[in-house]
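This report refers to the structure that appears directly beneath it.
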Amino acid sequence: MVLSLKERSDIMILPNLKETQKRTKNAVKTIEYSIDDKYVNLGKGKTYFIKTYGCQMNEHDTENIKAILEQMAFTEAEDMEKADLILLNTCAIRENAHNKVFGMVGRIKHLKESKPDIIVGLCGCMVQEEVVALEIKNKYKWLDIVFGTHNINNLPSLLNNFLKEKKLNLEVFSIEGDIIENMPAKRDSKYKAWVNIMYGCDKFCTYCIVPYTRGKQRSRKPEAIINEVKELKNKGYKEVTLLGQNVNAYGKDLDSSYDMSNLLEDVSKTGIERVRFVTSHPWDFTDEMIEVIKKYPNIMPYIHLPLQSGSNRILKLMGRRYTKESYLNLYNKLKKAMPNCSITTDIIVGFPTETEEDFNETLDVVNKCKFDSAFTFIFSARVGTPAAKMKDDTPLKIKEQRLYKLNELINKYALERNKEYLNKTVPVLLEGVSEKNEDLLMGYTDTMKLVNVKAPKKMLGLVASVKITDVKTWSLDGETVK
Ligand code: SAH
Ligand code: SF4
Ligand code: F3S
363 MVLSLKERSD IMILPNLKET QKRTKNAVKT IEYSIDDKYV NLGKGKTYFI
413 KTYGCQMNEH DTENIKAILE QMAFTEAEDM EKADLILLNT CAIRENAHNK
463 VFGMVGRIKH LKESKPDIIV GLCGCMVQEE VVALEIKNKY KWLDIVFGTH
513 NINNLPSLLN NFLKEKKLNL EVFSIEGDII ENMPAKRDSK YKAWVNIMYG
563 CDKFCTYCIV PYTRGKQRSR KPEAIINEVK ELKNKGYKEV TLLGQNVNAY
613 GKDLDSSYDM SNLLEDVSKT GIERVRFVTS HPWDFTDEMI EVIKKYPNIM
663 PYIHLPLQSG SNRILKLMGR RYTKESYLNL YNKLKKAMPN CSITTDIIVG
713 FPTETEEDFN ETLDVVNKCK FDSAFTFIFS ARVGTPAAKM KDDTPLKIKE
763 QRLYKLNELI NKYALERNKE YLNKTVPVLL EGVSEKNEDL LMGYTDTMKL
813 VNVKAPKKML GLVASVKITD VKTWSLDGET VK
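In our numbering, the protein residues as written are 363 to 844.
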């Protein structure tokens, strides 16, 4: 049965910008996820397809969503055109993410015109933005389900409402957020796994939308995290990546002095082969953390340490709470403690009022740190954030020139760093078949370098000793050694 848009009496809970900024001292609730028996056959005979646009957290949410759908008897479709349920798990970090999603929504609309029974949904960070939710309400009424980052666990009941009553179910909460334990995950890899250690963010960097889309900082209990890692290890996983927007602040919201250095140590002691963590805000990086990373060989010598800008004036406007000097100091401390450690970064160019002089400060830090690699972006104004209201009179053309110049430098150092690996033998977790050449395997070094490796398929899932035979800017080539 397909109702006309007029016949549908839709259910809508919209997010609100003011509410999403609020931070209270209210205790965080922990909710145990479980699925009601009445939902377990809802998807029988139906297939789903999910496209993910965001960061690692978004990717892990998709793994949860897939598993929940499979609990409801949906199966995964090979491609979007064949699916009965299409979900776009969106990202709000920059304007271009928004444009990509609405471009895809347009394509799906055509598909739905020829197959009106397909169910189409949006979820993730973008729909947490008030402006976007209103846009959906006004212009995209034909969508069937819309849910935010706080209610993935409600997916079975949302789908049930839709399937039974054929109403648009737009349910996006502006709450500070709970912790949902026990959600199932259909993981992309058999060898490496994402493990959330915290949700949300309280840093409110002035350009960033995440504190509004993901709620307040909520750390999971150490026992829950450690048990998850132990379970993964028992299932044969070789690597875990501890996930949070700002993992170094882990535990600050718990009623104890247990912090990220304690967690890293306890996760390392589970004996899992490799431990990684992202993302580290330079502000909360402690000496204790450096000690622990250095002491335990299964904590990988790789740190993603976003710089954002090298200009103290811009850093202040960004609300980053460190200076060029304190960043360099931390960088040098890390390199001194772990000389072989690789360090990557994120940089924004064209922040409001950024001058050539400010930009040169950024280049100066890049010249000093010679990062292993970097993600670089042009500032994108996000509605509701303080930076969106700042006067921004640098022409886009200039910003593009800065980005180009920055990327040239980043690439130069990336290649230089990679050259240090030539003829060395390094550990690589062989995790899949190379995208470039089916006869090769691919994996990452302890320092997070992508390597295409000449190795037999039976070595998949092993941490192999690989001799590096050639280096490029973005990857290395190698072969296994006995
Ligand atoms: N929590 C991480 C960053 C997560 S977002 C941290 O604090 O480091 C990933 C990156 O996107 C950021 O590091 C930043 O470089 C970039 N970014 C975030 N908001 C942006 C915006 N409004 N415009 C351009 N880049 C942005
Ligand atoms: Fe955004 Fe800053 Fe939080 Fe990172 S720390 S998610 S950049 S507000
Ligand atoms: Fe994007 Fe949300 Fe991640 S805005 S970067 S998907 S936290």
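A virtual CB, placed ideally from N, CA and C, is assigned to each residue, including glycine.
- A Cβ-Cβ distance of about 7 Å is found for the pair glutamate 538 and lysine 384, placing them in contact under the 8 Å criterion.
- The closest heavy atom of ligand 2 lies 7 Å or more from the beta carbon of cysteine 417.
- The region 693–700 and the region 734–753 do not touch, with fewer than 3 CB-CB distances between them shorter than 8 Å.
- When the Cα atoms are used, glycine 840 and lysine 657 turn out to be separated by approximately 28 Å.
- Apart from the 5 residues on each side of it in sequence, proline 663 sits with its Cβ closer than 8 Å to the Cβ of Ile655, Met700, Asn702, Cys703, Ser704, Asp808, Thr809 in its chain, given in chain order.
- Around the beta carbon of proline 757, fewer than 16 other beta carbons lie within 10 angstroms, which makes this residue exposed.
- At a Cβ-Cβ threshold of 8 Å, leucine 771 and leucine 725 count as neighbours.
- If the five residues before and after cysteine 563 are omitted, its C-beta is found closer than 7 Å to the C-beta atoms of Val572, Pro573, Arg576, Gln579, Gln607, Asn608, all from its own chain and listed in chain order.
- For proline 757, the secondary structure class from DSSP, reduced to helix, strand or coil, is coil.
- A straight line joining the alpha-carbon of arginine 683 with that of arginine 675 spans about 11 Å.
- In this structure, the C-beta of threonine 568 stays at least 7 Å away from each heavy atom of ligand 3.
- Residues Leu447, Ile448, Leu449, Leu450, Leu505, Asp506, Ile507, Val508, Phe509 of the same chain have their beta carbon placed closer than 8 Å to that of glycine 483, with the five preceding and five following residues left out of the count.
- In terms of side-chain proximity, the C-beta atom of alanine 495 is found no nearer than 7 Å to any non-hydrogen atom of ligand 3.
- Using a Cβ distance threshold of 8 Å, cysteine 453 and alanine 459 count as a contacting pair.
- DSSP places glutamate 718 inside the alpha helix (DSSP H), whose first and last residues are 718–731.
- Spanning the alpha carbons of glutamate 497 and threonine 382 requires a straight line of approximately 18 Å.
- Just measuring C-alpha positions, the residue of Tyr502, Glu438, Ala611 sitting nearest phenylalanine 464 is Tyr502.
- Look at asparagine 558 here: in three-state DSSP terms it is strand.
- Its chain contains Asn610, Ala611 as the residues whose beta carbon lies nearer than 6 Å to that of aspartate 646, once the 5 sequence neighbours on both sides are disregarded; these appear in chain order.
- Taking every protein chain shown into account, the CB of tryptophan 556 has 16 or more other CB atoms within 10 angstroms, so this residue is buried.
- Secondary structure note for threonine 809: it is in no alpha helix (DSSP H), with a DSSP letter that is neither H nor E.
- Ligand 1 never approaches phenylalanine 639 closely enough for any of its heavy atoms to be under 7 Å from the residue's Cβ.
- For lysine 413, the enclosing beta strand (DSSP E) starts and ends at 409–414.
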